[in-house]
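Working notes, structure below.
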Amino acid sequence: MAILLGVNVDHVATLRQARYALLPNSPNAEPSPLEACYDALEGGADSITIHVRADRRHMQDRDALLIREKISAPLNLEMGVTDEMMSLALQVRPEFVCLVPETREEVTTEGGLDVASRRREVGNCIRMMQKEGIKVSLFIDPDQTQVEAAAELGAEMVELHTGCFANAIGGDVAAEIERLHHAAVIGHQAGLQVNAGHGINYQNIRLLDAVPHFAEYNIGHSIIARAMRVGMVQAVREMKMLMQ
Ligand code: PXP
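Number 79 in my numbering belongs to position 76 of the sequence shown; there are no gaps in the numbering.
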């Protein structure tokens, strides 16, 4: 089955906030995350991903609500496991949420959620989302313990963190692919949908062909960077072509 592409448009909001964070209602505020979603979908994105962080450094609540209102493609809301974000998710009503760890200092999501040692709060969040018809993905490191904990808690999906794979050099690349392979097989056997995300780009995506069972890639930074040269529609189209 073809692997689906979820396009993360957070960085469009990052650029807007760089100038307009203190002028949220300015008619000049640009670029528009919503327009980026339209372009991504035109380029062949299968879903849109946005992350509303606790510090609102890029996506704002109103972005999430507007994008939800205007696009009919599946929406994946990445969020920390907090009461504030759970209540936002219930307002936005995305098809999926992806639970991620969050620390204020990090530049981006730097490690997977430690599901195994946060079972109670993660389990509560999963149940609350599922009760409202929202599917849950857990963003985890490709470790057996984390995959098994995700399955035990009843999540529908895991997103394996590909950051270590993306940053690996030389012989470490094969080792990271092996880690992903092992985690993907265990996840699939446990009945989980297995996705991947973080640091995937136009070069390293080919190497992920060696890993079975991936259903969806979530890609942000590399596509937005490419979009600066060729435009968003074309950048997404090129990534889709590599995936085929
Ligand atoms: N998946 C998750 C859970 C993320 O937090 C991020 C980064 O926001 C991505 C995927 C996309 O990573 P990148 O921007 O490196 O493609």
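Cβ coordinates follow ideal geometry from the N, Cα and C atoms, glycine included.
Scanning its chain for C-beta atoms nearer than 8 angstroms, with the 5 sequence neighbours on each side dropped, one finds around Leu68 the residues Gln94 and Val95, in chain order. Under the DSSP assignment, Asn170 falls in the alpha helix (DSSP H) whose first and last residues are Gly166 to Asn170.
Annotation: Ile129 is outside any beta strand (DSSP E); the continuous alpha helix (DSSP H) that includes it extends over Arg122 to Lys134. Straight through space, the alpha carbons of Tyr205 and Leu245 are spaced by roughly 8 angstroms. Taking the C-beta atoms as reference points, Lys243 is found no nearer than 8 angstroms to Gly9. Straight across, the Cα-Cα distance linking Val188 with Asp144 is about 14 angstroms. Separation of the CB atoms of Leu195 and Ala153 is rounded to 6 angstroms, and the pair is thereby assigned contact status at 8 angstroms. Close CB contacts of Pro97 within its chain, under the 7 angstroms cut and outside five residues either way in sequence, are with Arg71, Leu78, Asn79, Leu80 and Ile137 (chain order). Rounded to the nearest whole angstrom, the C-alpha separation of Glu181 and Thr165 is 12 angstroms. Distances from the CA of Gly114 to each of Met131, Phe142, Leu7 and Asn31 were compared; the closest alpha carbon is that of Phe142.
Going by beta carbons, Asp66 and Ala16 fall inside the 8 angstroms limit. In the DSSP assignment, Ala5 is bridged to no other residue.
Setting aside the 5 residues that flank it on each side, Tyr220 is surrounded in the same chain by Ile6, Leu7, Leu8, Gly9, Asn198, Ala199, Gly200, Ile203, Ile208, Leu211 and Met246, each with a C-beta closer than 8 angstroms to its C-beta; the list follows chain order. Straight-line spacing of the CA atoms in Gln149 and Asn28 works out to 42 angstroms.
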